[in-house]
Amino acid sequence: PFDELAPFIPKAIAKITEFGNDPVLVVNSDKDVQAQQQSLNFDQNDTWRILVGGAKLSRGFTVEGLTTTYFRRSTNMSDSLTQMGRWFGFRRGYLDLVRLYIARSAKFGSRTVDLYEAFESVAIDEAGFRGELKRYSVRDGDQPAITPIEIPPLVTQHLPWLLPTAANKMFNAVLERQSEQPFRPYGYPNRLDHLQHNLGCWRKTLASANELVQMDSHKNKFGALVGVVSAAELVEAISKMKFLAREYDATISPRLAFYADMLAKGAVEDFLLFAPQVDSDLRADIAGVGERSVVKRSRRAGRNGLFGAIDDWKHRPALEEFVSAEPPAELSAWAGPKRGAVLLYLAREPQPEYEKSDTKVADGPEKGLVVAFNAYLPAHLLPPTGVRQFRVRDPQSPDSATIAAD
């Protein structure tokens with residue numbers, strides 16, 4: 413009731429106006445702080461004010477006794493976001509007064525972000541890093557059993573757009589694990605011998621997709637050759653493939669590591685192979701496999717030889733549904749809680765510009781074929797935002813943000 417509150421109103425007004433009649437103080441710079449030094453002297457006085465500000469208030473200025481926060485500033489770096497989270501920490505004596513009003517659709521450049529989700533991700537990442545550090549608490553006698561220089565800790569990133577820190581501080585960081593769906597390479601090689609090598613890696617697996625299924629989902633009718641391959645065989649085939657320079661370390665290895673983790677835990681056993689057979693005159697007779705349809709794809713201009721996504725919007729929904737709890741009717745008999753899916757294509761460039769090969773590749777239908785895949789894990793195995801983990805590139809220089817180029 414207001415009657416219970418009324419006796420405290422004069423006291424509150426006296427506190428608010430003790431060093432000036434304006435209850436709102438603008439804090440945007442050191443100059444503002446100096447001008448209001450008496451009002452903002454947390455050591456000597458109680459500060460009862462509404463503080464309004466931008467970068468200075470969010471990161472560079474200590475606020476004691478904070479109760480209510482209205483927050484809508486955004487950044488794409490976890491360390492900066494953590495500094496902005498002034499409501500974190502203990503509030504002895506007034507914990508029940510702490511309130512946070514935060515933007516769920518804040519603008520950051522052209523992106524709209526959920527700041528609540530972002531801070532939640534930061535908290536999860538920090539908890540994961542603390543778990544990494546616990547490994548070093550184990551001792552062997554009076555010495556640590558392992559040290560960070562022997563096994564560097566992993567830094568986790570749960571939101572793909574929220575980096576641990578600025579890019580210029582991460583030149584000594586390399587992506588260790590990544591879980592985003594689907595697992596889709598873009599950097600297939602542009603050497604004929606490497607393309608032929610990749611076809612050899614997949615030949616046995618391609619032959620396993622030999623049962624024709626007619627799809628009639630989402631008003632898109634097409635045929636697809638399906639089969640099943642063990643998770644171990646799939647991981648082995650991908651790990652033996654050739655890719656463009658740096659593509660393996662940057663894109664393939666982190667995702668393979670995540671797949672290997674799922675395999676080791678017994679969370680995934682095998683994958684449905686799904687090879688759409690498109691209506692096209694472009695086909696190839698593959699030794700040990702048979703005749704398969706081929707799609708035309710070009711590398712993207714200005715992207716250092718990378719393709720775009722080699723898939724098709726008409727085919728993708730069938731696989732996305734297959735790994736969810738509601739597979740399409742045509743594939744329901746193949747579905748299982750420990751079965752992923754692979755969308756497979758054979759592609760050919762209309763106007764290739766191949767680099768020089770070490771060995772000559774024989775002319776024939778297989779020459780220049782790109783084996784392209786899009787792999788999907790069972791959806792229930794994946795966190796909703798995806799996970800990335802980073803380690804230091806050079807364990808001998810763990811404190812260096814930059815190192816010599818390879």
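So the sequence shown is residues 413 to 818, counted in our numbering. Just so you know, even glycine gets a beta-carbon here, dropped at the ideal spot from N, CA and C. Everything numeric in this text was worked out from a predicted model, so none of it was measured.
Buried or exposed (CB count within 10 angstroms, at least 16 for buried), residue i
i	result
PHE655	buried
ALA699	exposed
GLY477	exposed
ALA657	exposed
TRP614	buried
GLU733	buried
PRO594	buried
ALA626	According to the sequence displayed, residue 626 carries Gln and not Ala. The residue is exposed, with fewer than 16 neighbouring Cβ atoms inside 10 Å.
LEU417	exposed
HIS792	exposed
GLY639	buried
LEU587	Residue placement at LEU587 is flagged as unreliable, the pLDDT there being 44, under the threshold of 50; the coordinate-derived value follows with that caveat. By the neighbour-count rule (16 or more Cβ atoms within 10 Å), LEU587 is buried.
GLU778	buried
GLY780	buried
ALA816	Here the model assigns ALA816 a pLDDT of 44, short of 50, so the residue's position is not dependable, and the following value carries that caveat. Result: exposed.
ALA424	exposed
ALA784	buried
GLU623	exposed
SER490	buried
ARG589	Residue placement at ARG589 is flagged as unreliable, the pLDDT there being 44, under the threshold of 50; the coordinate-derived value follows with that caveat. Per the 10 Å Cβ criterion, buried.
SER486	buried
PHE583	Unreliable positioning characterises PHE583 in this predicted model, as indicated by a pLDDT of 48, which lies under 50. A coordinate reading is not provided.
GLU648	exposed
PRO666	buried
Counterpart residues of residue i in DSSP-defined beta bridges
i	result
PRO887	Because residue 887 is not part of the residues shown, which for the chain are 413 to 818, the question remains open.
VAL707	ALA759
PHE483	ILE514
ARG695	SER705
ILE428	None; ILE428 has no bridge partner.
MET627	PHE634
VAL754	LEU685, ALA787
LYS443	Looking at the DSSP assignment, LYS443 forms no beta bridge with any residue, so it has no partner.
GLN593	None; GLN593 has no bridge partner.
PHE520	ARG523
Span of the alpha helix (DSSP H) around residue i
i	result
SER490	490-496
ASP605	604-620
MET674	665-676
LEU718	Where LEU718 is concerned, there is no enclosing alpha helix (DSSP H), given that its DSSP letter is neither H nor E.
LEU731	728-734
ASP415	414-417
Three-state class that DSSP yields for residue i in the structure shown
i	result
PRO422	helix
SER769	coil
LEU437	strand
ARG542	helix
SER744	helix
VAL647	helix
SER642	strand
ALA774	coil
PHE531	helix
ASP537	helix
ASP661	helix
ASP508	helix
ALA467	helix
ASP793	Contrary to the premise, residue 793 reads as Leu rather than Asp in this sequence. It is helical.
Residue-chain proximity (residue i, chain D), Cβ-Cβ < 8 Å
i	result
GLU476	As a matter of chain content, chain D is missing from the structure shown, which is built from one protein chain.
Range of the contiguous beta strand (DSSP E) that encloses residue i
i	result
PHE785	782-788
ALA463	Looking at the sequence provided, one finds Leu at residue 463 rather than Ala. Per DSSP, LEU463 belongs to the beta strand (DSSP E) from 462-464.
Check: residue i C-beta below 7 Å from any heavy atom of the ligand PLP
i	result
PRO749	By its list of ligands, the structure shown contains no ligand whatsoever, and the ligand PLP lies outside what it can speak to.
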